[in-house]
Amino acid sequence: MPSLAQRTAVWSLVVSLLWRSITRAYYRNSVGGLLLFDITNRRSFQNVHEWLEEAKAHVQPYQIVFVLVGHKCDLDTQRQVTRHEAEKLAIAYGMRYIETSARDAINVEKAFTDLTRDIYELVRKGEINIQEGWEGVKSGFVPNVVHSSEEVIKSDRRCLC
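Letter by letter, the sequence shown follows residues -25 to -1, 1 to 136 in mature numbering (1 follows the signal peptide of the UniProt record, and there is no 0).
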């Protein structure tokens, strides 16, 4: 990907049914998403299809790019979803798969980088169009602000997620 500045707004959409009516509003102008499930919780993996369909329904008529993320890979001994199962699901949906650990700072930044790279490539190829009135992708000036997982101190292993 060339040296282009990108501004990314990240929204964490809560899985709770209590928040569903609010989260739907955030899908509307989204162009990309990380579909997360907990590798130690089979039910969260089984819910991926439902969340994918909901997001697609609320972003129409626009295209949305997803990366499937199996998080808590630091808890491999408690794994309930195999990497093979997750990769198979990602292939079926035409998306990337990556495993992450917020606690150990494994692949978190890579998940976002892969997603933004995929979005950039689709815009470059003309498969995602920059359109007036849609907030999903815009061109223009982007301030020089960089936030990186490299700023996270690995020895401080507190995770609030």
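Glycine included, C-beta positions come from ideal geometry on N, C-alpha and C.
inquiry  = Using only the alpha-carbon positions, how far apart do Thr75 and Lys85 sit?
reply    = 9 Å
message = Rounding to the nearest angstrom, what Cα-Cα distance links Glu29 and Leu10 in this structure?
response = 12 Å
task = Have a look at Arg78, Gly7, Gln21 and flag the residue whose alpha-carbon is nearest the alpha-carbon of Gln55.
result = Gln21
query = In or out: Gly8 buried (at least 16 other Cβ within 10 Å) or exposed?
reply = buried
task = Give a yes or no on contact between the segment 32 to 48 and the segment 80 to 97, applying the rule of three or more CB pairs nearer than 8 Å.
result = yes
query = Leaving out five residues before and five after Leu97 in sequence, what residues of the same chain have Cβ atoms less than 7 Å from its Cβ?
reply = Val40, Ile103
request  = Please report how far the alpha carbon of Thr57 lies from the alpha carbon of Ile73, in whole angstroms.
outcome  = 12 Å
query = What's the gap between the Cα of Ile71 and the Cα of Ser19?
reply = Just to set this straight, residue 71 is Arg in the shown sequence, not Ile. Spanning the two alpha carbons is a distance of roughly 18 Å.
request  = Pick out whichever of His59, Gln38, Thr15 has its Cα sitting closest to the Cα of Leu50.
outcome  = Thr15
query = In terms of residues, what are the limits of the beta strand (DSSP E) holding Val42?
reply = 40 to 46
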